[in-house]
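Report on the following structure.
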Amino acid sequence: MPEISVSCSSPRCVLAALRQDRVTESITVIFMTAKVDRSDLRQGMELGADDYLTKPFSTEELLKAIKVRLAWIEKATL
Numbered sequence: 001m002p003e004i005s006v007s008c009s010s011p012r013c014v015l016a017a018l019r020q021d022r023v024t025e026s027i028t029v030i031f032m033t034a035k036v037d038r039s040d041l042r043q044g045m046e047l048g049a050d051d052y053l054t055k056p057f058s059t060e061e062l063l064k065a066i067k068v069r070l071a072w073i074e075k076a077t078l
């Protein structure tokens with residue numbers, strides 16, 4: 001498990017730390033945020049987020065994002 005500094009409290013910082021470690025680089029990360037600017041979404045995706053949901057989002061949207069990720073994982077392991 002990577003060492004994540006206490007000063008690394010933003011989601012982007014945590015994601016960057018996860019993606020830099022071989023053990024955690026493949027953990028699925030879905031950003032759930034109130035930030036709706038296109039540049040925020042783009043930055044999250046460039047850092048390696050698997051999906052990006054803006055608040056408010058519905059339970060159905062979250063479940064769909066999870067199902068899509070699980071399908072990708074299942075497809076990759078076949």
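Following the UniProt record's numbering, the numbering of the sequence shown begins with 1 at its first residue and continues without gaps.
Beta carbons: idealized from backbone N, C-alpha and C, even for Gly.
- Proximity to Thr54 across Ser9, Phe31, Leu15 peaks at Phe31, based on C-alpha coordinates.
- Counting along the chain, Thr33 sits inside the beta strand (DSSP E) bounded by residues 30-33.
- Judged by their CB atoms, Val29 and Ala49 are nearer to each other than the 8 Å cut-off.
- Residue range 51-54 is occupied by the beta strand (DSSP E) that includes Thr54.
- Between Arg19 and Leu47, the gap from beta carbon to beta carbon is short of 8 Å.
- Listed in chain order, the non-local C-beta contacts of Met45 below 8 Å within the same chain comprise Tyr52, local neighbours out to five positions each way being set aside.
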